[in-house]
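Number of protein chains: 2
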Amino acid sequence: MESAFEILAEPNRRAILSLLVSSEQSVGEIERQLQMSQPMVSKHLRVLRDAGFVESTVDAQRRLYRLRPEPLREVDDWLAPFRRLWSAHVDALELYLDRMEPSTATEGSSRTRRNPNRKGKKGEAK
Amino acid sequence: MESAFEILAEPNRRAILSLLVSSEQSVGEIERQLQMSQPMVSKHLRVLRDAGFVESTVDAQRRLYRLRPEPLREVDDWLAPFRRLWSAHVDALELYLDRMEPSTATEGSSRTRRNPNRKGKKGEAK
DNA sequence: CACGTATATACGTATAAAGGTATATACAGA
DNA sequence: TCTGTATATACCTTTATACGTATATACGTG
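These protein sequences, in sequence, are chains W and V.
In terms of our numbering, the first sequence is numbered consecutively and its last residue is 126.
In terms of our numbering, the second sequence is numbered consecutively and its last residue is 252.
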């Protein structure tokens with residue numbers, strides 16, 4: 001278990017992360033809201049913490065968990081090259097970024113270039 | 127194996143998808159570039175196709191695989207609520223989108239609202 | 001200090017899936 | 001039709017991990 005993607009493969013872990021979007025939560029609160037056993041919650045939180053997705057704070061016997069951005073940001077970054085596949089306005093968006101931060105713009109706006117080669121062939125597609 | 131996240135948990139599958147960003151590829155081409163056995167490539171492509179990440183076209187004995195947007199888009203959508211955690215300029219970006227496509231703007235720019243509640247407690251964070 | 005609450009961890013079991021090897025299927029060309 | 005190339009699939013083994021149950025640790029209160 002190392003890559004952020006493997007961590008996110010587990011539905012309960014994604015649910016925990018989604019819970020934490022609104023605010024930090026204790027183990028017990030997560031347990032109740034997600035209807036999972038306490039050891040399961042603790043174990044998933046352990047995995048999430050080891051992977052940097054969450055951090056915890058002690059409050060008497062309770063532990064309050066909250067989100068940390070890094071690993072999810074990595075996932076978001078991995079997704080970047082694929083974004084051009086959907087929503088055409090991404091192009092407008094990138095154009096906007098090209099203007100915002102010239103540091104990131106490697107070449108003119110070559111970022112917006114679309115996939116050129118497509119050899120027309122017979123269809124299977126199924 | 128169902129959710130897009132489980133599919134992406136496998137590093138070789140992510141590598142295949144990344145390969146396909148530039149253009150469609152045959153099984154053999156993927157096999158060579160990623161240095162994996164032919165059956166492995168075929169099996170991973172099978173999984174990717176069943177999950178909708180790729181589609182294929184027949185070209186004589188070869189099969190050409192190319193990306194399909196939907197599942198990756200889902201992942202991107204899941205990520206949306208977390209984006210506020212990083213890059214402050216996302217706010218500027220969303221503001222820009224608010225101006226671009228009024229259709230998506232549900233309310234004023236309530237999209238930019240930030241997480242309010244945070245009860246200060248003693249520190250563990252480890 | 002005994003007790004209740006809150007959380008973490010150890011241990012065992014079952015299942016899923018990744019990878020290998022061998023083989024099947026499909027197509028093209030001599 | 002025989003042969004080579006390209007891809008898919010079947011079968012097997014191994015490993016990882018999710019979950020349950022039981023127990024340990026830590027803190028607060030009477």
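Yeah, the Cβ is synthetic: ideal placement off N, Cα and C, and Gly gets one too.
**Q.** Given V:Glu181 as reference, the closest of V:Gln159, V:Ser149 and V:Ala135 once Cα atoms are compared
**A.** Nearest option by C-alpha distance: V:Ser149.
Q: Go ahead and label V:Ala206 buried or exposed: buried means 16 or more other beta carbons lie within 10 angstroms of its beta carbon, across all protein chains shown.
A: It counts as exposed.
(Q) Tell me which residue opens and which closes the alpha helix (DSSP H) that W:Ser18 is part of. (A) Per DSSP, W:Ser18 belongs to the alpha helix (DSSP H) from Pro11 to Ser22.
Q) Does the Cβ of W:Asp76 have 16 or more other Cβ atoms within 10 Å, making it buried, or fewer, making it exposed? A) Buried: at least 16 other Cβ atoms inside 10 Å.
Q) By the criterion of Cβ-Cβ separation under 9 Å, what are the contact partners of V:Val167 in chain W? A) From the beta-carbon of V:Val167, no residue of chain W is found nearer than 9 Å; the closest lies around 17 Å away.
Q) What are the residues that DSSP puts in a beta bridge with V:Leu193? A) Note: V:Leu193 is bridge-paired with V:Val180 in the DSSP secondary-structure output.
Q: Mind checking who W:Gln25 pairs with in its DSSP beta bridge?
A: In the DSSP output, where bridge partners are listed per residue, W:Gln25 has W:Tyr65.
Q.
Using CA atoms only, rank isn't needed, just tell me which of V:Ile133, V:Ala130, V:Leu134 and V:Leu171 is closest to V:Arg189.
A. When C-alpha distances from V:Arg189 are compared across V:Ile133, V:Ala130, V:Leu134 and V:Leu171, the shortest belongs to V:Leu171.
Q | Unbroken alpha helix (DSSP H) run spanning V:Leu134, endpoints | A | Counting along the chain, the alpha helix (DSSP H) containing V:Leu134 begins and ends at Ala130 to Leu134.
Q: Output yes or no for whether 8 Å exceeds the beta carbon distance between W:Ile7 and W:Val47.
A: For W:Ile7 and W:Val47, yes; Cβs fall inside 8 Å.
(Q) Any beta carbon from chain V within less than 8 Å of W:Asp76's own beta carbon? (A) Yes, W:Asp76 lies at the interface with chain V (some Cβ there is under 8 Å from its Cβ).
Q.
For a quick check, are the C-beta atoms of W:Leu17 and V:Leu198 less than 8 Å apart?
A. No, they are not a contact pair.
Q: Report yes or no: is there a C-beta of chain W within less than 8 Å of the C-beta of V:Ala135?
A: By this cut-off, V:Ala135 is an interface position.
Q: Consider the Cβ of W:Arg73: report whether some Cβ of chain V lies at a distance smaller than 8 Å.
A: Yes, contact with chain V.
Q) Taking the C-alpha atoms as reference points, what is the distance between V:Asn138 and W:Phe5? A) Taking the straight line joining both Cα atoms gives about 12 Å.
Q | Option in V:Arg158, V:Arg209, V:Ser163 and V:Leu145 with minimal Cα separation from V:Tyr191 | A | If you compare the alpha carbons of V:Arg158, V:Arg209, V:Ser163 and V:Leu145 with that of V:Tyr191, the shortest gap goes to V:Leu145.
Q. Can you name, in chain order, every residue of its own chain whose Cβ lies under 7 Å from the Cβ of W:Ser26, other than the five neighbours on each side?
A. Answer for W:Ser26: Arg62, Arg63 and Leu64, listed in chain order.
Q. Would you say W:Leu67 faces chain V, with C-beta separation under 8 Å as the test?
A. At least one C-beta of chain V is nearer than 8 Å to the C-beta of W:Leu67.
Q.
Spatial neighbours of V:Met162 within its chain, please: C-beta separation below 7 Å, excluding the five flanking residues on both sides.
A. Within the same chain, V:Met162 has close Cβ partners Asn138.
Q.
DSSP has W:Asp59 in a bridge; who is on the other side?
A. Paired residue(s): W:Arg62.
Q. According to DSSP, is V:Met162 helix, strand or coil?
A. In this structure, V:Met162 counts as coil in the three-state DSSP scheme.
Q: Starting from the Cα of V:Ser78, find the closest Cα among V:Arg209, V:Thr183, V:Phe208 and V:Glu196 and give me that residue.
A: Lying before the first or after the last residue shown, residue 78 of chain V is absent from chain V, which here runs from 127 to 252.
Q) Looking only at its own chain, which residues have a Cβ that is under 7 Å from the Cβ of V:Met127, when we skip the five neighbours before and after it? A) Excluding residues within five positions, the ones whose Cβ falls inside 7 Å are Ile133 and Val173.
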